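One structure is given below, encoded as structure tokens.
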Amino acid sequence: MRDHVSRRSFLQGALAVSAGALAACVAPAAPAEDMGDEGAAMEPVHLRWDTFRGIGSGWNEERIETFTEMHPDVTIELRPLAGSGQQDNYAKMYAAQAAGDLGEIIAFDPSHYHFWRAINKNIIMPIDELVAADGTDLSQWFEHFLGLQYYQGKLYGFPSWGWAGFDTLVTNAVHLEEAGIDLPDPTGNDVSIDTIDEWAHSFYVEGERFGLNISHNEATVVVLCRLFGSSLINEEGTKCLLLDDPKATEAMRWAYKLGVEEQVLPAPGDLENTGGALVAGLLTMNWCGSLCVRNFKNQIEDETVAKAWQILFPLREDGRIPSQLRGGTWNLRTDQDHADVGYQFLLHIAGHDGSLDFNLVARNFAMVRPDVVQSLIDEDPIHEWFIPSLENGIPAHAPANSRGREYTSAVQQWTDLLLDPHQPVEFEKGLQDLHDNIQAVLDEDPA
Amino acid sequence: MATLASRLKFQGLSERLTTTKQRRDNFYGYLFLIPWLLGFFGLFIGPGLGSLYFSFTKYDVLSAPEWIGLDNYIKMFTDDPLFYTSLGRTFYYAGLGVPLGVIGSMFLAILLNAKLKGLAMYRTLFFMPSLVPIVASVVLWKWLLHADFGIINQWLIDLGWSDPPGWFGDRRWAIPSLIMMGLWQGLGGTRMIIFLAGLQGIPESLYEAASIDGATALHKLRHVTIPLLTPTIFFNMVLGIIGGLQVFTAAFVATEGGPGFATTFYSLHLYRHAFDYWNMGYASSLAWFFAFVIVSMTIWQLRLSRRWVFYYGS
Numbered sequence: 001m002r003d004h005v006s007r008r009s010f011l012q013g014a015l016a017v018s019a020g021a022l023a024a025c026v027a028p029a030a031p032a033e034d035m036g037d038e039g040a041a042m043e044p045v046h047l048r049w050d051t052f053r054g055i056g057s058g059w060n061e062e063r064i065e066t067f068t069e070m071h072p073d074v075t076i077e078l079r080p081l082a083g084s085g086q087q088d089n090y091a092k093m094y095a096a097q098a099a100g101d102l103g104e105i106i107a108f109d110p111s112h113y114h115f116w117r118a119i120n121k122n123i124i125m126p127i128d129e130l131v132a133a134d135g136t137d138l139s140q141w142f143e144h145f146l147g148l149q150y151y152q153g154k155l156y157g158f159p160s161w162g163w164a165g166f167d168t169l170v171t172n173a174v175h176l177e178e179a180g181i182d183l184p185d186p187t188g189n190d191v192s193i194d195t196i197d198e199w200a201h202s203f204y205v206e207g208e209r210f211g212l213n214i215s216h217n218e219a220t221v222v223v224l225c226r227l228f229g230s231s232l233i234n235e236e237g238t239k240c241l242l243l244d245d246p247k248a249t250e251a252m253r254w255a256y257k258l259g260v261e262e263q264v265l266p267a268p269g270d271l272e273n274t275g276g277a278l279v280a281g282l283l284t285m286n287w288c289g290s291l292c293v294r295n296f297k298n299q300i301e302d303e304t305v306a307k308a309w310q311i312l313f314p315l316r317e318d319g320r321i322p323s324q325l326r327g328g329t330w331n332l333r334t335d336q337d338h339a340d341v342g343y344q345f346l347l348h349i350a351g352h353d354g355s356l357d358f359n360l361v362a363r364n365f366a367m368v369r370p371d372v373v374q375s376l377i378d379e380d381p382i383h384e385w386f387i388p389s390l391e392n393g394i395p396a397h398a399p400a401n402s403r404g405r406e407y408t409s410a411v412q413q414w415t416d417l418l419l420d421p422h423q424p425v426e427f428e429k430g431l432q433d434l435h436d437n438i439q440a441v442l443d444e445d446p447a
Numbered sequence: 448m449a450t451l452a453s454r455l456k457f458q459g460l461s462e463r464l465t466t467t468k469q470r471r472d473n474f475y476g477y478l479f480l481i482p483w484l485l486g487f488f489g490l491f492i493g494p495g496l497g498s499l500y501f502s503f504t505k506y507d508v509l510s511a512p513e514w515i516g517l518d519n520y521i522k523m524f525t526d527d528p529l530f531y532t533s534l535g536r537t538f539y540y541a542g543l544g545v546p547l548g549v550i551g552s553m554f555l556a557i558l559l560n561a562k563l564k565g566l567a568m569y570r571t572l573f574f575m576p577s578l579v580p581i582v583a584s585v586v587l588w589k590w591l592l593h594a595d596f597g598i599i600n601q602w603l604i605d606l607g608w609s610d611p612p613g614w615f616g617d618r619r620w621a622i623p624s625l626i627m628m629g630l631w632q633g634l635g636g637t638r639m640i641i642f643l644a645g646l647q648g649i650p651e652s653l654y655e656a657a658s659i660d661g662a663t664a665l666h667k668l669r670h671v672t673i674p675l676l677t678p679t680i681f682f683n684m685v686l687g688i689i690g691g692l693q694v695f696t697a698a699f700v701a702t703e704g705g706p707g708f709a710t711t712f713y714s715l716h717l718y719r720h721a722f723d724y725w726n727m728g729y730a731s732s733l734a735w736f737f738a739f740v741i742v743s744m745t746i747w748q749l750r751l752s753r754r755w756v757f758y759y760g761s
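Which chain is which? The protein sequence lines are E and Z, in order. Under this note's numbering, think of the first position of the first sequence as 1, with each following residue one higher. Under this note's numbering, think of the first position of the second sequence as 448, with each following residue one higher.
If you want it as structure tokens, here you go:
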């Protein structure tokens, strides 16, 4: 027997132990194929629900409780995702999928551009067969939001939340009333671009108040281009239109004039909390969406300082409302044993009660079902304001290569550069850079 | 002979006892090392070597890595417009922030090493910002430095500066704003404590001798304190530069790399590719290049230190 353990032999041993420990952490083997027989279906079913939607509101727990009351053999484990930003949670879900630990009930959101990538990576499954077997009536959801859940002819989920994008000027009515301006019809589409331009100037008070805020994120830039009759990228998601369509160029030139030449818009970073600025009376019109209108209304404490109103943009020549219809999804993970049970749970959370409480309890914006819209109007008539865009909006266009995150990041950062009043660039140069960098993303290999 | 035999026997017994004790000591030593070694191999060496391999692949976590040789490294130098700019911004941040931080902490430590009434309270007060979580600190500074409604710009306007900086919203001022925030949090932190420890290690006799020779306070600072603090300065510089080059959290929380990429530091650029865009292979190549840069700079600093670091008594 050796007198002592040598350093080398100990390190070898430690390495072996480490390797063993790592091997133990490796993803478990893929679950067995769907057993398919009735006997297996009778076994107790355990599903895992991985989501960041509704967490902390009590909505998820209530949905689980009401579902398991109806299906005593089913247990559903809620596994909250709590990334610092919503996008971080997709990273967690991709990592969980790579580790073989992703839950059976999930949501890869088309409006965050992860939906198509998740389909291409075989993470979420089509549900057409389950729809047919169940005889589900698909007309219970708005057609345009259900349409967003299709990819290459197959249906991959049910709408959870949906809105018309940044289709609204969320307006502090107090400022308009103080200026002696009659409040425009909130669903009238009768305020022209020239009037918006005029108000951006007239309500601007240097160091005290901004008349208009235009964010530089993708949600805003797309609707800005649509307001002028174009869009940011083509419907196929392969081409940036900023230089190719004069209307898109004109849209960016208008924003450039206001932000850089006339400097009446907040510079990048000036207004970190636009919602708070509206409530405090520091901003008159914020280019945002219907969700912002509702939030603004709910946050107001002093109606002498702020009162919620909305201004819809003028209709385009084609009669459509400048908007970007976007909606979220509840999906089922591929390779699961009890997709039929999971499907029933999808119906439970995307049905009338689930969807209504998703609005009222979870404080999301889920006007994806006509019956829910009616219930919401009964709850608060302000919801009537949001119907025109839902009925006559324009769907979102996504990059064909599923490079959604790169796309939104390129739009935001290069628009910052184009519209920066502190270090102005020539309009043509800034627009060329913005266009080229968006196109570079669209030209990348599929994600 | 008997005496010799008994002595040899005793010696053998003693050796055996020593060996047994040594073996037991070794066993416990290694036993206590195991947790660290597990972490070292499992969480550092293993993933590190894994990322080296991935740096030569196209890899998105969800699909099997595809070997592409040096393509990622070639792309980094020739086809990534943010590579050089993010590297440049990182050096700008570290190049300005670290010297200011080290010098500031040193002088703060010198002040707090003086025999003052209420010294413990001052030390606590200066140390407190370093206890504030960085995210809370960022939120605080975002409000303080708000271009239009922030209190600092209100003061500047009151003082007559009609067009004060846009701070985080202004590409020219975004990095200085982050540096300013870092100084507020870091000047009185652990770096100051290390300087205090270094100051208290300087023999009092050297100051007495200097006084006898007629040295003023400034002379003592220049010819006694600073030379004898050079090992501490060097230590703080090395750690400061490594930390400064890794700047991430403040920019991630405060500006998300904006406006217009103004605070897209190298680590943030790397993070985006890894966890936002899922270009894990490319992100690995960025990481290995950066590791090479940091190690090279540290070696360079070590070599340079022979010229200016003075070890008392050596």
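Ideal Cβ placement from N, Cα and C applies to all residues, glycine included. Computed from a prediction, not measured in an experiment: that's the story for all the values here.
Would you tell me roughly how many angstroms separate the C-alpha atoms of Z:Asp526 and E:Gln439, rounded to the nearest one? Stepping through the second sequence from its first residue, residue 526 of chain Z is reached at position 79. Stepping through the first sequence from its first residue, residue 439 of chain E is reached at position 439. Taking the straight line from one Cα to the other gives about 15 angstroms.
According to DSSP, is Z:His720 helix, strand or coil? On the second sequence, position 273 is the one that residue 720 of chain Z refers to. If DSSP states are grouped into helix, strand and coil, Z:His720 belongs with the helices.
Could you check where the beta strand (DSSP E) with Z:Leu603 kicks off and where it finishes? As a position in the second sequence, residue 603 of chain Z is number 156, starting the count at 1. That residue, Z:Leu603, is in no beta strand (DSSP E); its alpha helix (DSSP H) goes Ile598 to Asp605.
Relative to the alpha-carbon of Z:Phe681, which residue among Z:Ala709, Z:Tyr758, Z:Gly544 and Z:Pro494 has its alpha-carbon at the smallest distance? Start at 1 with the first residue of the second sequence, and residue 681 of chain Z comes out as number 234. Taking each of Z:Ala709, Z:Tyr758, Z:Gly544 and Z:Pro494 in turn and checking the Cα distance to Z:Phe681, the smallest one comes out for Z:Tyr758.
With respect to the beta strand (DSSP E) encompassing E:Asn331, which residues constitute its N-terminal and C-terminal limits? Here residue 331 of chain E is taken as the residue at index 331 of the first sequence, counted from 1. Unbroken beta strand (DSSP E) run through E:Asn331: Arg326 to Leu332.
For Z:Arg619, which residues from the same chain have a beta carbon less than 6 angstroms from its beta carbon, with the 5 sequence-adjacent residues on both sides left out? Here residue 619 of chain Z corresponds to residue number 172 of the second sequence, with the count starting at 1. Once the five neighbours on either side are set aside, Z:Arg619 has no close Cβ partner at all.
Quick check on the burial criterion: 16 or more other C-beta atoms within 10 angstroms. Buried or exposed for E:Asn122? The residue you call residue 122 of chain E lines up with position 122 of the first sequence. Classification of E:Asn122: exposed, given that the 10 Å Cβ count is below 16.
Does the CB of Z:Tyr520 have a neighbour CB from chain E at under 8 angstroms? Reading the second sequence from its first residue, position 73 is the one you call residue 520 of chain Z. Closer than 8 angstroms: no.
Is E:Trp199 helix, strand or coil when you go by DSSP? By one-based count along the first sequence, residue 199 of chain E stands at place 199. Correct three-state label for E:Trp199: helix.
Counting along the chain, where does the alpha helix (DSSP H) carrying Z:Arg570 start and finish? Counting from 1 along the second sequence, the entry for residue 570 of chain Z is found at position 123. That run of the alpha helix (DSSP H) goes Leu566 to Phe574.
Which residues mark the beginning and the end of the alpha helix (DSSP H) in which E:Glu444 is found? Within the first sequence, residue 444 of chain E is the residue found at index 444, counting from 1. No alpha helix (DSSP H) contains E:Glu444, which DSSP labels as neither H nor E.
Taking a contact to mean a Cβ-Cβ separation below 8 angstroms, would you say E:Pro268 touches Z:Gly704 in this structure? If you number the first sequence from 1, residue 268 of chain E lands on position 268. If you number the second sequence from 1, residue 704 of chain Z lands on position 257. Not a contact, by the Cβ cut-off of 8 angstroms.
Using the Cβ count rule (16 or more neighbours within 10 Å means buried), how would you classify Z:Thr710? By one-based count along the second sequence, residue 710 of chain Z stands at place 263. Buried, because 16 or more other Cβ atoms sit within 10 Å of the Cβ of Z:Thr710.
Comparing C-alpha positions only, which one of E:Gln432, E:Asp445, E:Asn89 and E:Val411 sits nearest to E:Leu224? As a first step, residue 224 of chain E must be located in the first sequence, where it is residue number 224. Among E:Gln432, E:Asp445, E:Asn89 and E:Val411, the Cα nearest to that of E:Leu224 belongs to E:Val411.
Evaluate E:Asn359 with the Cβ neighbour count: other Cβ atoms within 10 Å of its Cβ, from every protein chain shown; 16 or more gives buried, anything less gives exposed. Here residue 359 of chain E is taken as the residue at index 359 of the first sequence, counted from 1. Burial call: buried.
Using a Cβ-Cβ cut-off of 8 angstroms, state whether Z:Phe708 counts as contacting chain E. Position 261 of the second sequence, counted from the start, is the residue given in the question as residue 708 of chain Z. Closer than 8 angstroms to some Cβ of chain E, the Cβ of Z:Phe708 qualifies, so yes.
Look at the alpha carbon of E:Leu347 and the alpha carbon of E:Thr51, and state the distance between them as a whole number of angstroms. For this step, residue 347 of chain E is matched to residue 347 along the first sequence. For this step, residue 51 of chain E is matched to residue 51 along the first sequence. Cα to Cα, E:Leu347 sits roughly 16 angstroms from E:Thr51.
For a cutoff of 8 angstroms on Cβ pairs, would you count E:Pro395 as touching chain Z? Along the first sequence, one-based indexing puts residue 395 of chain E at 395. No, E:Pro395 lies away from the interface with chain Z (no Cβ there is under 8 angstroms from its Cβ).
With DSSP collapsed to three states, give me the class of E:Pro31. What you label residue 31 of chain E is simply residue 31 of the first sequence in a count that begins at 1. Note that E:Pro31 scores 39 on pLDDT, short of 50, meaning its location in the model is unreliable; the coordinates nonetheless yield the value given after this. Correct three-state label for E:Pro31: coil.
Would you check if the region 371-390 of chain E and the region 312-325 of chain E touch, i.e. whether three or more CB-CB distances between them fall below 8 angstroms? yes
Backbone secondary structure at E:Asp3 - three-state DSSP: Position 3 of the first sequence, counted from the start, is the residue given in the question as residue 3 of chain E. Because E:Asp3 carries a pLDDT of 48, less than 50, the predicted location of this residue cannot be relied on, and no value is offered for it.
Beta-carbon spacing of E:Asn189, E:Leu265 below 8 angstroms: Here residue 189 of chain E refers to the residue found at position 189 when the first sequence is read from its first residue. Here residue 265 of chain E refers to the residue found at position 265 when the first sequence is read from its first residue. No. Outside cutoff.
From the DSSP output, in three-state form, read off Z:Gly648 for me. Taking the first residue of the second sequence as position 1, residue 648 of chain Z is located at position 201. Coil, per DSSP.
Cross-chain neighbours of E:Gln87 in chain Z, by beta carbon under 7 angstroms: As a first step, residue 87 of chain E is located in the first sequence; it is residue number 87 there, counting from the start. Taking a Cβ-Cβ cut-off of 7 angstroms, the neighbours of E:Gln87 in chain Z comprise Asp723, given in sequence order.
At which residue ranges does the region 670-753 of chain Z contain complete alpha helix (DSSP H) runs of 4 or more residues, listed in the order of the chain? Considered as a whole, the region 670-753 of chain Z harbours 673-692, 696-701 and 713-718 as its complete alpha helix (DSSP H) runs of no fewer than 4 residues, in chain order.
I'd like to know whether the C-beta atoms of Z:Tyr531 and Z:Ile622 end up nearer to each other than 8 angstroms. One-based indexing of the second sequence puts residue 531 of chain Z at position 84. One-based indexing of the second sequence puts residue 622 of chain Z at position 175. Between Z:Tyr531 and Z:Ile622, the CB-CB gap reaches or exceeds 8 angstroms.
Any 3 or more C-beta pairs closer than 8 angstroms across the region 624-640 of chain Z and the region 550-560 of chain Z: yes
How is the alpha helix (DSSP H) around Z:Ser624 delimited, first residue to last? For the purposes of this step, residue 624 of chain Z is taken as residue 177 along the second sequence, with counting starting at 1. Where Z:Ser624 is concerned, the enclosing alpha helix (DSSP H) stretches over Ala621 to Gly633.
Would you say E:Tyr94 faces chain B, with C-beta separation under 8 angstroms as the test? Of the chains in the structure shown, none is chain B; the protein chains are E and Z.
Chain E within 8 angstroms of Z:Asp595, Cβ atoms only: By 1-based counting over the second sequence, the position of residue 595 of chain Z is 148. Yes - at least one Cβ of chain E is within 8 angstroms of the one on Z:Asp595.
If you count every other CB in all the chains shown that lies within 10 Å of the CB of Z:Arg754, and 16 or more means buried, which is it? For the purposes of this step, residue 754 of chain Z is taken as the residue at position 307 of the second sequence. So Z:Arg754 counts as exposed.
Taking DSSP's pairing of strands, which residues face E:Asp50 in a bridge? By 1-based counting over the first sequence, the position of residue 50 of chain E is 50. DSSP, once it has assigned bridges, lists E:Arg79 as partnering E:Asp50.
Can you give me, in chain order, the residues of the region 106-121 of chain E that have a beta carbon less than 7 angstroms from any beta carbon in chain Z? Lys121
Helix, strand or coil, according to DSSP, for Z:Gly760 in the structure here? Stepping through the second sequence from its first residue, residue 760 of chain Z is reached at position 313. Of the three classes helix, strand and coil, the one that applies to Z:Gly760 here is coil, per DSSP.
Residue-level contact to chain E via CB, Z:Asp507, 8 angstroms cutoff: The count along the second sequence starts at 1 and reaches residue 507 of chain Z at position 60. True, the Cβ-Cβ gap to chain E drops below 8 angstroms.
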